[in-house]
Structure formats: C-alpha cells, structure tokens
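Residue numbers for the sequence shown follow this note's numbering, beginning at 57 and rising by one.
Heads up, the beta-carbon is just placed ideally off N, CA and C, and yes, glycines get one too.
Below you'll find the structure, written out as structure tokens, and then a few comments.
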Amino acid sequence: MANRFQEQALQEDETDTRWEVMARLYCEKLNTLLSTLDIDHELGAELTVKHYFNGAAVYANGAICASWSPVGLAFKLPADEADELIAGGHAKPLKYFAKRPIKQGYVLFDNPESKQQSVLRDYFLKAARLTRESRAENRD
C-alpha cells in the first residue's frame, strides 16, 4: 500500500496469528483515513503508522498520538479537553486491556466510522501537535 505515510511492514504468510491479521487491518484503516484527511502537510511532522498487538498507532515525529484497535479510535488530547469529552459522554476513557489503568489524556471513540471526517481531522491535528510540543518540551 503506497502512500505518503510511512508504514511499518507486516509480511503476510500462512502463519499469521489473529493479532497480526488484526494489526494489518488497522494499519490499513489508519493509512486510508489519514490519506483521506490529507493532514500531513499542515503538521510539519512526519506521520508514521505502525502496528502493535491487535491494532495500529499513528506517530508524529516518533511519538504516539493516536491509535485504532478493536476497542476504537483513540487520540492523545490535552487532559482538560479529554476529561470534558468523557464527562459529556462524547468519548470514553481509553483502556487497552480490561485489568490495566485508564490512559490519562486519551479519549476513545468506539465507533469512529460514525464521526464526521472534519471532527476526526481536528482530533488528529490536535493530537499530533500536542505530541510534537510535548517532545519539544522534554528536550529543553
């Protein structure tokens, strides 16, 4: 799948596990969505899609800013905005595994296909910019 986003290669073979198949599916979904949203030129950041366990994540300049897995599409947002979206019932808290803690500063949309693309676009831009700013602050 060739596009302007880098993608970590997942090789297909007959021994693929269910998780590898799921990861490939979510890599493709993220790449397709990012291509449709056409945001990379606005960011000044390199976006990379990589697989993990049974999903895929978007990295802006090497730091994770969003992920898509069977639980939904998640974004790293400013903590107050994430709390507001969750409190208002517009998003859910992100937990990758049932017995793990909630990921603070992340929101989860369990049915992202129902969201308007302009809304998803705004969240991707916010998440990538927040991630880039956080990395810059940590280097200072």
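CA-to-CA distance, residue j to residue i, given in whole angstroms
i    : j    : result
G111 : Q160 : 19 Å
L141 : R74  : 32 Å
A143 : V163 : 11 Å
E169 : N87  : 14 Å
K171 : F165 : 9 Å
V210 : E102 : With the chain running from 57 to 196 in the structure shown, residue 210 is simply not present.
E76  : P134 : 31 Å
P157 : C83  : 25 Å
D139 : R80  : 31 Å
DSSP state of residue i mapped onto helix, strand, coil
i    : result
F131 : strand
T73  : coil
Y179 : helix
A40  : An answer regarding residue 40 cannot be provided, because it is not within the stretch 57 to 196 covered by the chain.
K85  : helix
A154 : coil
Local Cβ density within 10 Å of residue i, reported as buried at 16 or more and exposed below that
i    : result
F153 : exposed
N59  : Only weak support exists for where N59 lies, its pLDDT of 37 falling under 50; the value from the coordinates is given anyway. With fewer than 16 other Cβ atoms within 10 Å, it is exposed.
V105 : buried
K132 : buried
S125 : buried
H107 : buried
Range covered by the beta strand (DSSP E) that runs through residue i
i    : result
H97  : Careful: H97 lies outside any beta strand (DSSP E), inside the alpha helix (DSSP H) at D96 to L99.
Q172 : Note, Q172: premise wrong, no beta strand (DSSP E); not H, not E.
H146 : Run containing H146: none; DSSP gives neither H nor E here.
K159 : K159 to F165
Closest by C-alpha distance to residue i, when choosing among the options
i    : options                  : result
L150 : I120, A130 and D178      : A130
L89  : A135, D136 and A122      : A122
D241 : A183, R185 and R177      : Past the edges of the chain, shown from 57 to 196, lies residue 241, and the structure says nothing about it.
A113 : A183, K148 and V175      : A183
D96  : Y115, V127 and D136      : Y115
S91  : R156, F180, N117 and R80 : F180
G100 : Q173, F109, V77 and N117 : N117
N167 : L186, A147 and M78       : A147
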